[in-house]
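The opening position of the sequence shown corresponds to residue 310 in this note's numbering, with each subsequent residue numbered one higher.
Think of the CB as a built atom: it goes at the ideal place given N, C-alpha and C, for glycine as much as any other residue.
What you are looking at is a predicted structure, and each value in this text was computed from that prediction instead of being measured.
All remarks here apply to the structure that follows.
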Amino acid sequence: AGIGALGLLQVLAIVAMSIVVGRFIDLPALPEAAVGTVVWSIVWFFLGFGFYATAYAAAGSLVSRQEEAQNAAFPLTILLLASFYTALFSVGSDNPVLRVASFLPPFAPITMPLRIAGGDAAAWEIAVSLSVMVVSTYLLVRFAGRVYSGGLLRTGGKVKLREAWRSAEA
Numbered sequence: 310a311g312i313g314a315l316g317l318l319q320v321l322a323i324v325a326m327s328i329v330v331g332r333f334i335d336l337p338a339l340p341e342a343a344v345g346t347v348v349w350s351i352v353w354f355f356l357g358f359g360f361y362a363t364a365y366a367a368a369g370s371l372v373s374r375q376e377e378a379q380n381a382a383f384p385l386t387i388l389l390l391a392s393f394y395t396a397l398f399s400v401g402s403d404n405p406v407l408r409v410a411s412f413l414p415p416f417a418p419i420t421m422p423l424r425i426a427g428g429d430a431a432a433w434e435i436a437v438s439l440s441v442m443v444v445s446t447y448l449l450v451r452f453a454g455r456v457y458s459g460g461l462l463r464t465g466g467k468v469k470l471r472e473a474w475r476s477a478e479a
C-alpha cells in the first residue's frame, strides 16, 4: 500500500505542478477533456498497480531467500518494460498495435490511457478493456493466493510454480 500511495502522490504532484506552472505562465484553464484524461489515468494507475502488485506478490512467494527475488521478478519486469515500450513506440493515430495492446491486461494500464488522451478509444473499447482488466486482476488474485499458500509451505530454495500450485491442492 505504501508504494501505491507513493505512486499516486507522484502523479498528483505532477498534476499540481502542471497547474501551478500553467497559471504562472498565463496558460488558459485546462479543458474538460484534460480533466477527464487525468481522471482516467488515475483509474488505470490503480488497476495497473493492483494487477502488477499481485503478480509480483505471486512471484515473490516462490522464493525463500531475498537473493532469489530478483530472478523471480525478472519476467514481470520484462513484461512491464514491454508494455512501456509498446506504448512509447506505438503512439500514433489509431495504431493497430496500440489498439490490440489496450485490451491485454499487462499492457492496458499503460496503453489505454494513451488512447483515451488521444481521443482514439471509443466508449465501448474503454468499457471492454476495463472489464477485462478487472476480471483478470480478480483471477490473478485468486491464482496468486493459491500459489502463495502452496509456496509458503515449501522451504529450502526456489519453489517452482507448478510445485506451489500442487502443494496448495493438498
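- Contact between Thr446 and Phe360 holds: their C-beta atoms lie close to 5 Å from each other, under 8 Å.
- Per DSSP, reduced to three states, the secondary structure at Asn404 is coil, with no helix or strand assignment.
- Distance from the CA atom of Ala417 to the CA atom of Glu376, rounded to whole angstroms, is 31 Å.
- Comparing C-alpha distances from Ser350 to each of Val329, Val320, Ala410 and Gly331 shows the shortest one belongs to Val320.
- In this structure, the CA atom of Thr386 is about 19 Å from the CA atom of Arg374.
- Between Leu389 and Ala382, the alpha-carbon positions lie close to 11 Å from each other.
- Measuring C-alpha to C-alpha distances from Pro415 to each of Arg424, Ala426, Leu449 and Gly428 identifies Leu449 as the nearest.
- Taking the C-beta atoms as reference points, Val456 is found nearer than 8 Å to Leu371.
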